[in-house]
Amino acid sequence: MATYPLRISRRRQECDDTASLWLDVPKDLVSAFSYRPGQFLTVETGTGEARVARQYSLSSTPGKDSGLRITVKRIDGGRVSGWLVDRVQEGDLVDVQAPRGRFFKEMEEPHHAILLAAGSGIAPILPIGRWLLESGRGHRVTFVYGNRTPDAVILGEELATVVAAHESSCTAEHVMSRADDGWTGPRGRVDRAYIVRRFAEWQAMSTLPLVVYMCGPEAFMDAAESAFLTLGVPEAQIHRESFDMVLEDDLGEPGLVVTGMAEPGEEGDTARIVAVVGGEEYEADWQEGEDILSALLRTGADVPFSCQEGTCSSCISKLTEGRVEVRPGVLQTLRQSDLDEGLVLACLSHPKTRSIRIDFDEI
Ligand SMILES: Cc1cc2nc3c(=O)[nH]c(=O)nc-3n(C[C@H](O)[C@H](O)[C@H](O)COP(=O)(O)OP(=O)(O)OC[C@H]3O[C@@H](n4cnc5c(N)ncnc54)[C@H](O)[C@@H]3O)c2cc1C
Ligand code: FES
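Its first residue numbered 1, the sequence shown is counted upward by one per residue in the UniProt record's numbering.
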């Protein structure tokens, strides 16, 4: 997918391993870089074979902050995170793709959003909370933010400002797993036991239906999701964003079938793919054994992608005609309810009918 060089207008060290970078959007790219809370940018660096792309959630809030901001935690030995945190300076140009992702689901009806974050997982969570609180729709927000020590808290001042500005409808619980004696707040991990312990109080805060958003390590999210499901929160109201880049082995498991809105048409071993990207149409002949993304890339289509293994969600797209089969590992990134709406990951899908139409814009 096309990348655009955006200038770093500001850099702030959040804690020893994490920095926030603000990117300026030139006037002619404002529309391409409009975004929803919870979306991410794909940053590219390097040349030729050594070119790599990584996703970073926007930690800025659309319509509230000027420019775009990402908040990056350095991973030991990490190529792109190390470069962004330690080397990129104000004034530098960084190649980025337009925002993608579908973590946040806009809610018309007022809800009580429990927003769980661990470490750098606060990056997409903070703007979701701020967006809900400033939507004027009467949402309530409870941030639950886990860190080892108070020094490791990222975007803490901004979080405190949001809570103070909405004190009648927002609270934040900071939970520390390794704080010293000076810490007077909750201790331990944001785990199953913590959620079960706090749940009745969260429910008592309002009569609004609960919705949960979470971002952090997979084990943290698995435990939290299982706790909320046990406590009766419907799966469709639990949303998670994963930063981890590993798709668990799903080979040998049966694929999931997704059907577009229109009549699916005839099944076959060959297929014509029409893809809509950036308002343009691209066509590709599918060859047996390949996924939809690979078929489109073979023709030079400018489709968004990065990991090509179902973890980054860059290639999320909507099947509008025909039928496809998706690898079951897709459920590590999307929900069954997303598939029911026709959403798929092109890199994990292949056509089942002789013609399919897939829209990368309508997500
Ligand atoms: C949708 C999405 C949004 C993301 N948003 C953010 C964000 O807002 N802030 C942020 O800091 N990161 C975010 N990430 C993670 C980011 O994209 C990179 O995966 C991360 O920065 C590591 O890339 P790297 O090139 O530095 O490491 P690599 O060179 O790819 O990996 C170096 C080593 O670290 C391990 N590793 C890779 N990724 C992780 C990880 N996430 N946690 C632990 N170990 C890892 C690898 O297995 C490898 O051993 C997001 C990822 C996704 C998919
Ligand atoms: S390219 Fe990353 S999920 Fe498909």
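C-beta atoms are modelled at their ideal positions from N, C-alpha and C, and glycine is treated no differently.
Assign Arg240 to buried or exposed, taking buried as 16 or more other Cβ atoms, counted over all protein chains shown, within 10 Å of its Cβ.
-> buried
State the DSSP-derived secondary structure class of Trp22, mapped to helix, strand or coil.
-> strand
Using 8 angstroms as the Cβ pair cut-off and three pairs as the minimum, do the region 74–93 and the region 26–35 touch?
-> no
Go through its chain and collect everything with a Cβ distance to His111's Cβ below 6 angstroms, but skip five positions before and after it.
-> His139, Leu208, Pro209, Val211
Would you say Gly255 touches ligand 4, meaning its beta carbon is less than 8 angstroms from a heavy atom?
-> Ligand 4 is not part of this structure, which contains only ligand 1 and ligand 2.
Thinking C-alpha only, which one of Leu331, Val274, Asp291 is nearest Glu321?
-> Val274
Over the uninterrupted alpha helix (DSSP H) stretch that includes Pro127, give me the two end residues.
-> 122–133
Anyone know if the C-beta pair for Val72 and Ile8 falls short of 9 angstroms?
-> no
Alpha helix (DSSP H) runs contained entirely in the region 153–234, provided each spans 4 or more residues | 156–165, 192–204, 218–230
Could you have a look at Pro62 and say whether DSSP puts it in helix, strand or coil?
-> coil
Inter-residue spacing [alpha-carbon to alpha-carbon] between Glu157 and Arg130 = 13 angstroms
Run of the alpha helix (DSSP H) containing Leu339, from where it starts to where it stops | 336–340
Kindly say whether Leu155, judged by its beta-carbon, lies nearer than 9 angstroms to any beta-carbon of chain D.
-> No chain D is part of this structure, which consists of one protein chain only.
Quick one: Cα of Trp22 to Cα of Arg69, how far?
-> 4 angstroms
Cβ-Cβ distance between Ser177 and Thr18 below 9 angstroms = no
Beta-carbon contacts of Met261 that lie in its chain and below 7 angstroms, excluding the five residues immediately before and after | Thr320, Gly342
Verify the contact flag: Arg54, CB atom, against every heavy atom of ligand 1, threshold strictly below 8 angstroms.
-> yes
Tell me the start and end of each unbroken beta strand (DSSP E) in the UniProt domain "FAD-binding FR-type" (1–106) that is at least 3 residues and wholly inside, in chain order.
-> 4–15, 18–23, 40–45, 52–57, 68–73, 93–100
With 16 other CB atoms within 10 Å as the buried threshold, where does Lys318 fall?
-> buried
The region 144–154 in contact with the region 179–190 per 3-pair CB rule at 8 angstroms = yes
For Val324, which residues does DSSP report across the bridge?
-> Val258, Pro351
Would you say the region 97–113 touches the region 217–229, given that touching needs at least three Cβ pairs under 8 angstroms?
-> no
Local conformation of Ile292 per DSSP, three classes = helix
Buried versus exposed call for Gln13 [16 or more other C-beta atoms within 10 Å across all chains shown] | exposed
What is the C-beta distance between Ser169 and Leu133, in whole angstroms, given that I count them as a contact (C-beta under 8 angstroms)?
-> 6 angstroms
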